[in-house]
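Take numbering that gives the first Met the number 0: the last position of the sequence shown gets the number 217, and nothing is skipped along the way.
The beta-carbon is built from N, C-alpha and C at its ideal position, and this holds for glycine as well.
Report on the structure given below.
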Amino acid sequence: MTFSFTDQHSERQQCMRCGTCCKKGGPALHEQDIALVSQKIIDPENLYTIRVGELVRDNVNGGLIYTDAEIIKIRASEASHACIFLRNNENACGIYEDRPGQCHALECWNSETIRATHTQNRLDRKALFGELDWLWNILEEHESRCNYVQIRRLIERRREGDSSASREVEEMISYDQAIRDIVIEKANMESGMLNLLFGMPLKLVLQRRFGLKIQVHV
Ligand code: SF4
């Protein structure tokens, strides 16, 4: 969800249900939303993780920033940037009664509430999977082997002509793909869970967000 605010002096004081906010993407979840996931009101396959250090749009102040905290978001529909729960033909939210806290907090005529709360108590993977030791160990291993802080350093070295940095990035991409395949095969996990468990595929993020052209030789 990208927040867009109307004139701060607008006299409007309520949501017109125009769907503009929802059409710009799904919201980030906060700790208060965990029951929506555990009760499957929001299917985990409709979520994805933005990992620490990833380049994201600053929804309040604009521009791109490297996030210093993990963000779990509702994904967009296949055909557009709109939140997967937006029923386009009716311009209505499919889970309106149970919509996440961020959707409650967003008042497009008044940015104060969302400014004060959008980075507070964000839901993260530890809260969702931390009690599943076997899975949490895999997620931690993945994070330690291909976190974005390391990757950004490697990209910097690569720009400076260090060919070993290119190889290291390629190895990370191969590992990122391999661990996804292993979790599907050995843990019998649905592939739709992968973007929540590991974030978006590393290769895709590096291409789309970091503008890298990478050929991985396997
Ligand atoms: S969950 Fe509902 S209210 Fe929130 S962005 Fe999606 S469609 Fe809109």
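DSSP bridge partner residues for residue i (one or two, in chain order)
| i | result |
| --- | --- |
| threonine 299 | Here the chain has residues from 0 to 217 only, and residue 299 is not among them. |
| leucine 63 | Arg56 |
| asparagine 109 | Glu106 |
| alanine 27 | Lys72 |
Cα-Cα separation, residue i to residue j
| i | j | result |
| --- | --- | --- |
| arginine 156 | glutamine 38 | 45 Å |
| isoleucine 73 | leucine 138 | 20 Å |
| glutamate 140 | arginine 179 | 12 Å |
| threonine 112 | glycine 129 | 30 Å |
| aspartate 32 | histidine 103 | 11 Å |
| glutamine 13 | proline 99 | 18 Å |
| glycine 198 | arginine 114 | 25 Å |
| arginine 86 | glycine 62 | 28 Å |
| leucine 35 | glutamate 96 | 11 Å |
| methionine 171 | glutamate 106 | 41 Å |
| asparagine 187 | leucine 134 | 12 Å |
| valine 182 | asparagine 136 | 12 Å |
| arginine 16 | lysine 22 | 11 Å |
| arginine 207 | isoleucine 94 | 30 Å |
| valine 168 | tyrosine 47 | 22 Å |
| glutamine 273 | leucine 131 | One cannot answer for residue 273 here, as it falls past the ends of the chain, which runs 0 to 217. |
| leucine 196 | serine 165 | 25 Å |
| valine 59 | aspartate 175 | 31 Å |
| proline 26 | leucine 203 | 21 Å |
| threonine 116 | arginine 56 | 17 Å |
| asparagine 65 | phenylalanine 209 | A quick correction: the sequence has tyrosine, not asparagine, at residue 65. Rounded to the nearest angstrom, the two C-alpha atoms are 11 Å apart. |
| threonine 118 | alanine 177 | 32 Å |
| leucine 152 | leucine 127 | Residue identity differs from the one stated: residue 152 is arginine in this sequence, not leucine. Approximately 29 Å, taken between the alpha carbons. |
Chain D contact for residue i (CB, 7 Å cutoff)
| i | result |
| --- | --- |
| leucine 201 | No chain D is present in this structure, which holds just one protein chain. |
Residue i Cβ short of 6 Å to ligand 2 heavy atom set
| i | result |
| --- | --- |
| glutamate 142 | Here the bound small molecules are ligand 1; ligand 2 is not part of this structure. |
Is it true that the region 116–125 meets the region 65–73, where meeting means three or more beta-carbon pairs spaced less than 8 Å apart?
yes
Which runs of the alpha helix (DSSP H) fall wholly inside the region 117–146 and span at least 4 residues, in chain order?
124–128 and 132–144
Residues proximal to ligand 1 by C-beta, any heavy atom closer than 7 Å
Met0, Cys20, Cys21, Gly25, Pro26, Ile73, Cys82, Phe84, Leu85, Cys92, Gly93, Ile94, Tyr95, Arg98, Pro99 and Cys102
Within the region 81–106, ranges of the alpha helix (DSSP H) (whole runs, at least 4 residues):
100–104
On the three-pair Cβ rule with 8 Å, is the region 38–52 touching the region 191–204?
yes
Segment contact flag, the region 46–53 with the region 143–151, C-beta cutoff 8 Å, min 3 pairs
yes
Touch test, the region 88–108 against the region 157–169, Cβ-Cβ under 8 Å, three pairs minimum
no
Which runs of the alpha helix (DSSP H), 4 residues or longer, sit entirely within the region 174–211?
193–196 and 201–207
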